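Asker: Residue numbers (this note's numbering): 663 to 968. Positions of the beta carbon are idealized from the N, C-alpha and C atoms, including for glycine. Note that this is a predicted model, so its numbers are computed, not measured. Sharing a structure here in C-alpha cells format.
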C-alpha cells in the first residue's frame, strides 16, 4: 500500500537536526526552484551545475555554488535534478565523491526521471558504502519546484524516506512512497507516457472541433465538465496552448526521452502498448518539423498547427 507523507511543519522541525546542509546537483529550471524552496525552509544549501554561468543567479538566491566534489562531500543529504540516467550515474560514481564518504549516511533524493534498472544498480552501490538512494521523480513543473508544492513519487527504502522526510517536505505538497527502489521511476514513466499520448489526442480533438465549426474554447467547456477531461485539457491547454505562450518550462526533448524510456520498459517487460507506441512515432515525426527538442512540449496539443 502506498504511503503518503504530508509536508506539515512539525515533521520538518523533527528532521532538521539530522539534516542541516542539503546539496543540490543540477541547477536548471527545476533544480534552482527546489534549491530556493530548501533555503526558504531553513536549510543551508550548497549546489553545483555543469554551467558556471549559473553561479551569479544561484548565489543571489542564497545557495553556495561549489565544485561538485565539495557538494558531494559537504552535504548531509543530496537532491539531484539531472537530464539523463548517465548523468546521475556519473555524479554518484564521481571519484572522491559520495562512494568514498564514511563520515555519515547520506540519502540521495534523485528527482530526475531515469530508468528503473539504473536506479536499482546505483541504489545497491550506494547501500554497499552506507548511503541511500530514493528515486523521486516529480510532477508540478518549475512553478511547483519554486513554491515547494511538487508531487513526488518515491521508490526506495522506507528508512531512507523517513530520514530524508524534512527535505522531502520542503520540496513537495505530496510525497507518495510507491514501493522499492525503481518504483518511483516506473510510476513517473507510466504517468508521462499517458501525458505524451494525451497531448496528441487532445490536440487532435480540438483540431476536429475547430474544423467542424466549434471553437476549441467552447469544446473545452464540455470536455472539462464531462468524461474526456484530463490534466492536459484542464490545466495545460488553458494555460499554455490557447494563449499560445508555450512556456511551461518542460522541453519536447525531455518528453521524448521519458516516452522512449517508458516504451523501452514496455518492450523489456513484454507489455503491449499499441496506442502509446504510435504516440511515440508521432512525437518522433514532429521532431523534424514543428516541434524540435528545444521547443516546449505543450506544442504537441496546438490545434492551430497543420
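Can you tell me the Cα-Cα spacing of residue 802 and residue 812, whole angstroms?
Answerer: 5 Å
Asker: Whole angstroms are fine: how far does the CA of residue 839 sit from the CA of residue 846?
Answerer: 8 Å
Asker: Would you say residue 694 and residue 723 are within 8 Å of each other, going by their C-beta atoms?
Answerer: Result yes, Cβ atoms of residue 694 and residue 723 sit closer than 8 Å.
Asker: Between the C-alpha atoms of residue 932 and residue 898, what's the straight-line distance to the nearest angstrom?
Answerer: 32 Å
Asker: Is it a yes or a no for the region 937–947 touching the region 859–877, going by three-plus beta-carbon pairs under 8 Å?
Answerer: yes
Asker: What's the C-alpha gap between residue 831 and residue 948?
Answerer: Going by the C-alpha atoms only, they are around 38 Å apart.
Asker: Please list the terminal residues of the continuous beta strand (DSSP E) segment that includes residue 815.
Answerer: In the DSSP annotation of this structure, the continuous segment of the beta strand (DSSP E) that includes residue 815 starts and ends at 812–817.
Asker: Report the residue from 903, 780, 817 whose alpha carbon sits nearest the alpha carbon of residue 959.
Answerer: 903
Asker: Enumerated in chain order, which unbroken segments of the alpha helix (DSSP H) with a length of 4 residues or greater are wholly contained in the region 743–810?
Answerer: 747–754, 778–790, 803–809
Asker: According to DSSP, which residues form a beta bridge with residue 685?
Answerer: Beta-bridge pairing links residue 685 to 708, 740.
Asker: Using the beta-carbon count (16 or more within 10 Å), is residue 927 buried or exposed?
Answerer: buried
Asker: Ends of the alpha helix (DSSP H) at residue 1054?
Answerer: In the structure as shown, the chain starts at 663 and stops at 968, and residue 1054 therefore has no counterpart that could be examined.
Asker: List the whole-angstrom C-beta distance separating residue 792 from residue 762, where the pair is believed to meet the contact cut-off of C-beta under 8 Å.
Answerer: About 11 Å separates the beta carbon of residue 792 from that of residue 762, a gap too long to meet the 8 Å contact definition.
Asker: May I ask you to verify whether the region 752–762 touches the region 818–830, counting CB pairs closer than 8 Å and requiring at least 3?
Answerer: Verdict: no, contact absent.
Asker: On the premise that residue 816 lies in contact with residue 798, defined as a C-beta separation below 8 Å, what is that separation, rounded to the nearest angstrom?
Answerer: 5 Å
Asker: I'd like to check one pair, residue 963 with residue 889: are the Cβ atoms closer than 8 Å?
Answerer: no
Asker: Taking the alpha-carbon positions, what's the residue 953 to residue 729 distance?
Answerer: 35 Å
Asker: Going by the DSSP bridge assignment, what does residue 964 pair with across the sheet?
Answerer: Secondary-structure assignment with DSSP links residue 964 through no beta bridge to anything.
Asker: With a 10 Å radius around its C-beta and 16 neighbouring C-beta atoms as the bar for buried, classify residue 929 as buried or exposed.
Answerer: The residue in question, residue 929, is exposed, as its Cβ has fewer than 16 Cβ neighbours within 10 Å.
Asker: In angstroms with no decimal places, state the Cα-to-Cα distance between residue 873 and residue 882.
Answerer: 15 Å
Asker: Among 681, 956, 924, 758, whose alpha-carbon lies nearest the alpha-carbon of residue 777?
Answerer: Closest option to residue 777, Cα to Cα, is 924.
Asker: Taking its Cβ as the centre, do 16 or more other Cβ atoms sit within 10 Å of residue 871, making it buried, or is it exposed?
Answerer: buried
Asker: Once you ignore the five residues that flank residue 807 on each side, which residues in its own chain have a CB closer than 6 Å to its CB?
Answerer: 692, 695, 696
Asker: Check for me: the alpha helix (DSSP H) holding residue 939 runs from which residue to which?
Answerer: 936–949
Asker: Taking contact to mean at least 3 C-beta pairs separated by less than 8 Å, is the region 682–691 in contact with the region 729–746?
Answerer: Result yes; three or more Cβ-Cβ pairs closer than 8 Å.
Asker: So, using beta-carbon positions, are residue 689 and residue 716 closer together than 8 Å?
Answerer: In this structure, residue 689 sits near residue 716, with a CB-CB distance shorter than 8 Å.
Asker: So what does DSSP say about residue 958, is it helix, strand or coil?
Answerer: Here residue 958 sits in strand by DSSP.
Asker: Quick one: grab the DSSP three-state call for residue 873.
Answerer: helix
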